[in-house]
Amino acid sequence: MSTASLYRAPGERPTISFELYPPRTPKGEVSLQRTVLDLAQIGPDYFSVTYGASGATRQTSRDLICSILRDTPVTPIAHLTCVGASEADLTEYVSELLDEGVRDFLALRGDPPAGQEDWQPHPEGLTRASQLVALLRTVVAARLGPADPVSISVAAYPGGDYGPDGQAVVDPSDVAALLEKQDAGADFAITQVFFDPAHYAELVSAARAGGVRIPIIPGLIPLTDPKRLRRLEELTGVRVPEQLLDSLDSAESPDEAYQRGLTASVDLIDGVLAAGAPGLHLYTFNSSKAALDLLDRAGLAPTVALGGTAPQ
Numbered sequence: 357m358s359t360a361s362l363y364r365a366p367g368e369r370p371t372i373s374f375e376l377y378p379p380r381t382p383k384g385e386v387s388l389q390r391t392v393l394d395l396a397q398i399g400p401d402y403f404s405v406t407y408g409a410s411g412a413t414r415q416t417s418r419d420l421i422c423s424i425l426r427d428t429p430v431t432p433i434a435h436l437t438c439v440g441a442s443e444a445d446l447t448e449y450v451s452e453l454l455d456e457g458v459r460d461f462l463a464l465r466g467d468p469p470a471g472q473e474d475w476q477p478h479p480e481g482l483t484r485a486s487q488l489v490a491l492l493r494t495v496v497a498a499r500l501g502p503a504d505p506v507s508i509s510v511a512a513y514p515g516g517d518y519g520p521d522g523q524a525v526v527d528p529s530d531v532a533a534l535l536e537k538q539d540a541g542a543d544f545a546i547t548q549v550f551f552d553p554a555h556y557a558e559l560v561s562a563a564r565a566g567g568v569r570i571p572i573i574p575g576l577i578p579l580t581d582p583k584r585l586r587r588l589e590e591l592t593g594v595r596v597p598e599q600l601l602d603s604l605d606s607a608e609s610p611d612e613a614y615q616r617g618l619t620a621s622v623d624l625i626d627g628v629l630a631a632g633a634p635g636l637h638l639y640t641f642n643s644s645k646a647a648l649d650l651l652d653r654a655g656l657a658p659t660v661a662l663g664g665t666a667p668q
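Note that the numbering used here has the sequence shown beginning at 357, numbered continuously upward.
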């Protein structure tokens with residue numbers, strides 16, 4: 357079943373999905389195998405698997421996708437980036453994934469490799485995510501035909517800015533880019549990280565006013581690790597609320613900080629669900645504990661897991 361079909365009619369519950377990234381070390385591979393199995397036990401709607409800058413993790417990403425297909429009943433979404441690759445190279449890789457049984461993709465522009473100041477884009481490559489969406493539709497039509505459904509998701513950007521009145525604001529260019537991706541054939545969008553449900557609500561409102569009709573799923577990180585939150589702020593430019601960091605930093609023990617972070621995370625989930633979010637996509641950083649604890653605290657963990665009992 358294509359993941360796009362999950363959002364074509366309102367469900368009784370929000371969809372639950374997780375992001376994973378390919379392991380960088382043998383130790384990380386062992387840990388990730390446990391994480392995948394732990395997360396799969398609650399029956400998530402899908403996993404998404406990241407793809408390094410300029411395809412740096414292409415083989416390990418593909419290996420992880422294949423292991424999910426082989427070892428779990430959970431649908432994997434394969435991330436793709438177009439920066440640094442030729443159109444022919446992308447076509448070949450997409451064809452290989454289709455042959456492996458992949459039917460779900462997340463199309464991203466991607467970033468150049470870090471630290472390579474002389475890096476140049478591929479002269480026969482693509483420069484926008486909308487172009488990658490269009491290429492995927494072309495490759496799928498040629499290889500599979502219309503009878504075999506494929507879903508294509510894209511990224512959306514709530515940002516973290518506020519106007520002079522203190523209200524959340526969204527960059528109009530991000531809405532325009534999302535509309536461009538929809539028009540190229542995207543089925544739904546998953547947001548990048550944010551920390552205020554007002555930014556999600558404003559993105560959805562601005563997108564709808566701008567003609568975007570596809571579902572927009574909030575991408576959330578458990579707010580339990582202040583070091584990781586600060587690092588995310590450096591990487592994304594999205595400011596972490598000082599009140600949250602102060603609360604975590606002032607806790608008398610790591611466990612108290614963790615519990616405070618879970619409480620803040622539940623408030624964020626409640627906010628996006630109140631704004632009409634059709635699902636939740638959790639950035640796990642390849643660890644199951646915080647994600648599962650958060651879903652349990654939010655009352656969203658299934659009471660009966662897929663093929664067994666829910667983790668305690």
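All residues carry an ideal CB built from backbone N, CA and C; glycine is no exception. Just so it is clear, the structure is predicted and the values come from calculations on it, not from any experiment.
**Request:** Determine the closest residue to Pro-400 out of Leu-362, Leu-388, Ala-540 and Gly-408, with distance taken between C-alpha atoms.
**Result:** Among Leu-362, Leu-388, Ala-540 and Gly-408, the Cα nearest to that of Pro-400 belongs to Leu-362.
**Asked** Hey, how far is the Cα of Thr-359 from the Cα of Ser-507?
**Response** Distance from the CA of Thr-359 to the CA of Ser-507, rounded to the nearest whole angstrom, comes to 6 Å.
**Item:** Cβ-Cβ separation, Asp-517 to Val-525 (assumed contact under 8 Å), whole Å
**Value:** So it is a contact: roughly 5 Å between Cβ atoms.
**Message:** Rounded to whole angstroms, what is the Cα-Cα separation between Leu-629 and Ser-486?
**Reply:** Leu-629 and Ser-486: Cα-Cα distance of roughly 28 Å.
**Request:** Just tell me which of Ala-444, Glu-456 and Thr-437 has its CA closest to the CA of Ala-463.
**Result:** Of Ala-444, Glu-456 and Thr-437, the residue nearest in Cα terms is Thr-437.
**Distance between Phe-551 and Leu-624 (C-alpha atoms, nearest Å)** = As the crow flies, the alpha-carbon of Leu-624 is around 7 Å from that of Phe-551.
**Item:** For Thr-371, the first and last residue of its enclosing beta strand (DSSP E)
**Value:** For Thr-371, the enclosing beta strand (DSSP E) stretches over residues 371-376.
**Asked** Which residues in the same chain have their Cβ closer than 8 Å to the Cβ of Ala-532, if we skip the five residues on either side of it in sequence?
**Response** Cβ neighbours of Ala-532 beyond the five flanking positions: Gly-566.
**Asked** Tell me which same chain residues have a C-beta within less than 6 Å of the C-beta of Pro-505, skipping the five on either side of it?
**Response** Shown here for Pro-505: same chain residues with a beta carbon closer than 6 Å to its own, the five before and five after excluded, namely Ser-358 in chain order.
**Message:** Residues in the same chain with beta-carbon distance under 6 Å from Tyr-402, minus the five sequence neighbours each way, listed in chain order, please.
**Reply:** The beta carbon of Tyr-402 sits closer than 6 Å to the beta carbons of Thr-359, Ser-373, Thr-431 and Ile-433 from its chain, once the five residues preceding and following it are set aside; these are given in chain order.
**Request:** Rounded to whole angstroms, what's the CA-CA distance from Tyr-449 to Ala-441? Just pull it up for me.
**Result:** If I take the Cα positions, the gap works out to 10 Å.
**Asked** CB Ala-631 to CB Ala-563, shorter than 9 Å?
**Response** Not in contact: Ala-631 and Ala-563 (Cβ atoms no closer than 9 Å).
**Prompt:** By Cβ distance, which residues of its chain are closer than 6 Å to Gln-538, with the 5 residues on each side in sequence left out?
**Reply:** Cβ within range, chain order: Val-568 and Ile-570.
**Asked** If you draw a straight line from the alpha carbon of Cys-422 to that of Gly-457, how long is it in whole angstroms?
**Response** One C-alpha to the other measures close to 9 Å.
**Item:** Within the region 404-453, ranges of the alpha helix (DSSP H) (whole runs, at least 4 residues)
**Value:** As far as the region 404-453 is concerned, its whole alpha helix (DSSP H) runs of at least 4 residues are 414-427.
**Residues near Ile-395 by beta carbon distance below 6 Å, same chain, minus five either side** = Looking at the sequence itself, residue 395 is Leu, so the reference to Ile does not match. Apart from the 5 residues on each side of it in sequence, Leu-395 sits with its Cβ closer than 6 Å to the Cβ of Phe-374 and Ser-644 in its chain, given in chain order.
**Prompt:** From Ala-444 to Ser-404, what does the alpha carbon distance come to, in whole angstroms?
**Reply:** Between the alpha carbons of Ala-444 and Ser-404 lies a distance of about 24 Å.
**Prompt:** Are there 16 or more other CB atoms within 10 angstroms of the CB of Ser-606, so buried, or fewer, so exposed?
**Reply:** Its Cβ having fewer than 16 others within 10 Å, Ser-606 is exposed.
**Request:** Count the other C-beta atoms from every protein chain shown that fall within 10 angstroms of the C-beta of Arg-459, then say buried if there are 16 or more, exposed otherwise.
**Result:** Counting Cβ neighbours within 10 Å, Arg-459 comes out buried, since at least 16 surround it.
**Prompt:** Can you give the Cα-Cα distance for Leu-676 and Asp-419, rounded to whole angstroms?
**Reply:** In the structure as shown, the chain starts at 357 and stops at 668, and residue 676 therefore has no counterpart that could be examined.
**Asked** Nearest to Leu-585 by CA position, among His-555, Gln-599 and Leu-393, is which residue?
**Response** Among His-555, Gln-599 and Leu-393, the Cα nearest to that of Leu-585 belongs to Gln-599.
**Prompt:** DSSP three-state call for Gly-481: helix, strand or coil?
**Reply:** In the structure shown, Gly-481 sits in a strand (DSSP, three-state: E or B).
**Message:** Just to confirm the assignment: which complete alpha helix (DSSP H) runs, minimum length 4, are found wholly within the region 477-541?
**Reply:** Listed in chain order, the complete alpha helix (DSSP H) runs (minimum 4 residues) inside the region 477-541 are 485-499 and 528-540.
**Message:** Am I right that Leu-618 and Arg-653 are in contact with their C-beta atoms under 8 Å? What's the rounded C-beta distance?
**Reply:** Right, their Cβ atoms sit about 5 Å apart.
**Item:** CA-to-CA distance, Val-596 to Glu-558, given in whole angstroms
**Value:** Using only the alpha carbons, I get a separation of about 18 Å.
**Request:** Put Leu-604 into one of helix, strand or coil per three-state DSSP.
**Result:** DSSP, read as helix, strand or coil, puts Leu-604 in helix.
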